[in-house]
Every structure is written in C-alpha cells, then in structure tokens.
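Data block below; observations after.
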Amino acid sequence: MANRTPLIAGNWKLNKTTAEAVALATEIKSGADAAGSDVDVLVSPVFTVLAAVAKALAGSKVFLAGQNMHSELSGAYTGEIAPTMLTDVGCSHVILGHSERRQYFGETDEGVAKKTKVALDNGLLPISCVGETLEEREGGKTMDVVGRQVDAILKAVSADEATKVVIAYEPVWAIGTGKVATPEQAQEVHAFVRKRVGDVHGPAVADAVRILYGGSVKPDNVKGLMALPDVDGALVGGASLKADSFLKLVHFDKQ
Ligand code: PEP
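By the working numbering, the letter at position 231 of the sequence shown is numbered 1260, and the numbering carries on one by one without gaps.
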C-alpha cells in the first residue's frame, strides 16, 4: 500500500437499539483508541441512534457515518435524511450505494454518483459502494459492471474531490454469505478500480484513493486481505456488530 491510512468501517445496518448501540460504541471507542493513529476506524449505526453514539464517541478517534442520505437538503421527501442533518449530529462520513440500497431500494449508478457529489459539497466524506452479483460474476461481467459503477461516481466529482472519496468494492455474493472473495479475486478488482481512477483523474489521485473490500470480512481472513497491495481497508457488516470481532479487525496486523 502507498501512503494510504487503512480504514476499518463497521456497517451496523438495521441493528441495535439506543442502549445497545451506545454500549457497542463505548467498547469500540476504548479498543480503537488503543490502535493509535495508523488505522482509521468508523462505525455506521441507524439514523435514530446517531446522536447518542456521537456522544458516546466524543473525544475518540472513531469516525461516525450515516448509512445513506438524500441528495436534496430539504423539502417534501418524506422518510429521507439530508447530508446537513448527518453533519449536524456529528457524522464525518456517509455510506452510499450499498448493494442492499441498490437491490431493495432501487438506487441507480446515477443516483449514487449524484449523492457522492452532494455529500462532498456538504462536508461529508462518501464511502461509495460498487460490486457485482453472482450472476454477473459467473457471466464474466464483473469488470463491466464495476467499471460502469465506478465511472459514474468518478465522473461526478473533480480530481481533487475524488481523493476524498472512499470506494468500497463489495461483491454482492460475498455480503453476509460467509463467502469471502479470494485474495486473487479481491486484488484483481481493486487493481482494476484503481486503474480506472487513474484513467479518469490521473495517477496521483489513483494512488491517493482508498479502496475498501467488503464481503464476509472476519478476524480469520482480514490479515490476508489487508496484505493485498490495493486493499486499503474493510467495510464490515456481521463482524462489526460485536466489539470483540470488530476490534480484532481494527488490530488486523495482530491476527
Ligand atoms: C456489508 O454489509 O457491507 C458487508 C460487507 O457485510 P458482511 O461483512 O456481513 O458480509
């Protein structure tokens, strides 16, 4: 890896009441702060507990992210949340275009690209997700699909802005299934994504952009994934819901 600080990000999805979320955040805070400054740590709880988790994390190194946002800042959009509302409660980041958002809520490449730009315009660092389904992989379409998704995001932002975007490569077939991509599969797509960043915004931006792997990352496979030259961190679902397993990922070098 070049000079890219690894990022270990926990996506809590639709889990945790306020008390449970605060308890988990409090445990993560003490374990993550012990990791020092050589790894960035982030948690992404549901909207309703963000303020309480922000309070629990105050003064720590753990970043806070929303799991989604709307591209408009206000108006008649029942059920939506604005980027400025996320920063208002203490979020520094936002996850965009997670495959579950694409699959169940109709999010499109264009919509994710627009949200990526709007997040940056409003002081949020986007973690924009891409990844192919099993059918697409088996049909030999992985690079076409990921290339299309990445291009949409890259074309919505300037070169300077692109350095602030975190791209998460999450093969859909590996999310929540226990099937992790092999190191060869992960590295192949990560290198492809980085090349694509270089094609659109130049080699310096390609070198700076962090590309996370997501899909059944666990304490027993994190070290191998993190050793890959183009893997700069992990976006984690299941293993982020318990402090013990998440902190093992944060301390991936000791696994
Ligand atoms: C995710 O939801 O982003 C994810 C990677 O989930 P899991 O780690 O459970 O596969």
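Glycine is no exception: its CB is placed at the ideal position from the N, C-alpha and C atoms.
> Whose CA, out of Leu1149, Val1195, Tyr1106, Thr1107, lies closest to the CA of Leu1071?
Replying inline: Here residue 1071 is taken as the residue at index 42 of the sequence shown, counted from 1. Checking every option, the nearest Cα to that of Leu1071 belongs to Val1195.
>> I want to check one thing, is the minimum distance from the CB of Ala1203 to the heavy atoms of the ligand FAD below 7 Å?
In response: Of the ligands one can find in the structure shown, namely the ligand PEP, none is the ligand FAD.
> Going straight from the alpha carbon of Gly1262 to that of Tyr1106, what length do you get?
Replying inline: Counting from 1 along the sequence shown, the entry for residue 1262 is found at position 233. Counting from 1 along the sequence shown, the entry for residue 1106 is found at position 77. If you take the alpha carbons of Gly1262 and Tyr1106, they lie about 34 Å apart.
> DSSP state of Pro1155, grouped into three classes?
Replying inline: By one-based count along the sequence shown, residue 1155 stands at place 126. Looking at Pro1155 - three-state DSSP - the assignment turns out to be strand.
>> So for Ser1059, helix, strand or coil by DSSP?
In response: Stepping through the sequence shown from its first residue, residue 1059 is reached at position 30. Three-state DSSP puts Ser1059 in a helix.
> How would you write the range of the alpha helix (DSSP H) that His1219 sits in, first residue to last?
Replying inline: Within the sequence shown, the letter at position 190 stands for residue 1219. Per DSSP, His1219 belongs to the alpha helix (DSSP H) from 1212-1230.
> Is Met1030 helix, strand or coil by DSSP?
Replying inline: The sequence position of residue 1030 within the sequence shown is 1, counting from 1. Because Met1030 sits at a pLDDT of 45, beneath the cut-off of 50, its placement in the model cannot be relied upon, and the point is left open.
> Closer than 8 Å, CB to CB, is Ala1237 near chain D or not?
Replying inline: Annotation note: the requested chain D is absent from the structure, which comprises a single protein chain.
> Between which two residues does the alpha helix (DSSP H) harbouring Ile1240 extend?
Replying inline: What you label residue 1240 is simply residue 211 of the sequence shown in a count that begins at 1. For Ile1240, no alpha helix (DSSP H) run applies; the uninterrupted beta strand (DSSP E) run containing it begins and ends at 1239-1243, by DSSP.
> On the premise that Gly1039 lies in contact with Val1265, defined as a C-beta separation below 8 Å, what is that separation, rounded to the nearest angstrom?
Replying inline: Within the sequence shown, residue 1265 is the residue found at index 236, counting from 1. Within the sequence shown, residue 1039 is the residue found at index 10, counting from 1. Between Gly1039 and Val1265 the Cβ distance is about 5 Å, and since that is below 8 Å, they are a contact.
> Taking the C-alpha atoms as reference points, what is the distance between Ala1048 and Val1082?
Replying inline: Within the sequence shown, residue 1048 is the residue found at index 19, counting from 1. Within the sequence shown, residue 1082 is the residue found at index 53, counting from 1. The straight-line gap from Cα to Cα measures roughly 9 Å.
> So, Val1141 versus Gly1095, is the Cβ gap smaller than 8 Å?
Replying inline: For this step, residue 1141 is matched to residue 112 along the sequence shown. For this step, residue 1095 is matched to residue 66 along the sequence shown. No, these two residues do not count as a Cβ contact at 8 Å.
>> Using only CA atoms, which one of Pro1035, Gly1168, Val1218, Lys1283 lies nearest to Gln1178?
In response: Numbered from 1 along the sequence shown, position 149 holds the residue referred to as residue 1178. With distances taken between Cα atoms, Gln1178 lies closest to Val1218.
>> To the nearest angstrom, how far is the alpha carbon of Asp1150 from that of Pro1112?
In response: Counting from one through the sequence shown, the residue named residue 1150 turns up at place 121. Counting from one through the sequence shown, the residue named residue 1112 turns up at place 83. For Asp1150 and Pro1112, the distance between alpha carbons rounds to 9 Å.
> Is the beta carbon of Ile1110 sitting closer than 8 Å to the one on Ala1272?
Replying inline: Position 81 of the sequence shown holds residue 1110. Position 243 of the sequence shown holds residue 1272. When the beta-carbon positions are compared, Ile1110 and Ala1272 stay at least 8 Å from each other.
> Should Ser1187 go down as buried or exposed, given a rule of 16 or more other Cβ atoms within 10 Å for buried?
Replying inline: The residue given as residue 1187 occupies position 158 in the sequence shown. By the neighbour-count rule (16 or more Cβ atoms within 10 Å), Ser1187 is not buried but exposed.
> Is the CB-CB distance between Leu1270 and Pro1248 below 8 Å?
Replying inline: On the sequence shown, residue 1270 is found 241 positions in, with the first residue counted as 1. On the sequence shown, residue 1248 is found 219 positions in, with the first residue counted as 1. No. Outside cutoff.
>> Quick check: the Cα distance between Glu1165 and Ile1204, rounded to an integer number of angstroms?
In response: By 1-based counting over the sequence shown, the position of residue 1165 is 136. By 1-based counting over the sequence shown, the position of residue 1204 is 175. Our two residues, Glu1165 and Ile1204, have alpha carbons roughly 15 Å apart in a direct line.
> So is the beta-carbon of Ser1245 under 7 Å away from any non-hydrogen atom of the ligand PEP?
Replying inline: Along the sequence shown, read from residue 1 onward, the residue named residue 1245 stands at position 216. Because some heavy atom of the ligand PEP lies under 7 Å away, the Cβ of Ser1245 counts as near it: yes.
> By Cβ distance below 7 Å, which residues in the same chain neighbour Met1030 in space, the five residues on each side in sequence not counted?
Replying inline: Walking along the sequence shown from the start, residue 1030 turns up at place 1. Unreliable positioning characterises Met1030 in this predicted model, as indicated by a pLDDT of 45, which lies under 50. A coordinate reading is not provided.
> What residue does the beta strand (DSSP E) around Asp1287 start on, and which one ends it?
Replying inline: There is no way to answer for residue 1287, as the model of the chain reaches only from 1030 to 1284.
>> When you measure from the CB of Asn1151 to every non-hydrogen atom of the ligand PEP, does any distance come out below 7 Å?
In response: As a working note, residue 1151 is residue 122 in the sequence shown. No; taking the cut-off as 7 Å, the Cβ of Asn1151 has no heavy atom of the ligand PEP nearer than that.
> In terms of residue numbering, what span does the beta strand (DSSP E) encompassing Ile1196 cover?
Replying inline: As a position in the sequence shown, residue 1196 is number 167, starting the count at 1. In this chain, the beta strand (DSSP E) harbouring Ile1196 covers 1195-1198.
>> On the criterion of 16 or more Cβ atoms from any shown chain inside 10 Å, does Lys1045 qualify as buried, or is it exposed?
In response: Counting from 1 along the sequence shown, the entry for residue 1045 is found at position 16. Residue burial annotation: Lys1045 is buried, with at least 16 other C-beta atoms found within 10 angstroms of its C-beta.
>> Measuring only the C-alpha atoms, how far is Ile1182 from Ser1157?
In response: The sequence position of residue 1182 within the sequence shown is 153, counting from 1. The sequence position of residue 1157 within the sequence shown is 128, counting from 1. It is roughly 8 Å from the alpha-carbon of Ile1182 to the alpha-carbon of Ser1157.
>> Taking only three categories from DSSP, how would you classify Asn1044?
In response: As a first step, residue 1044 must be located in the sequence shown, where it is residue number 15. In the structure shown, Asn1044 falls within a coil segment according to DSSP collapsed to helix, strand and coil.
> Comparing the CB of Asn1044 with every heavy atom of the ligand PEP, is any distance shorter than 7 Å?
Replying inline: Against the sequence shown, residue 1044 aligns to sequence position 15. Because no heavy atom of the ligand PEP lies under 7 Å away, the Cβ of Asn1044 does not count as near it: no.
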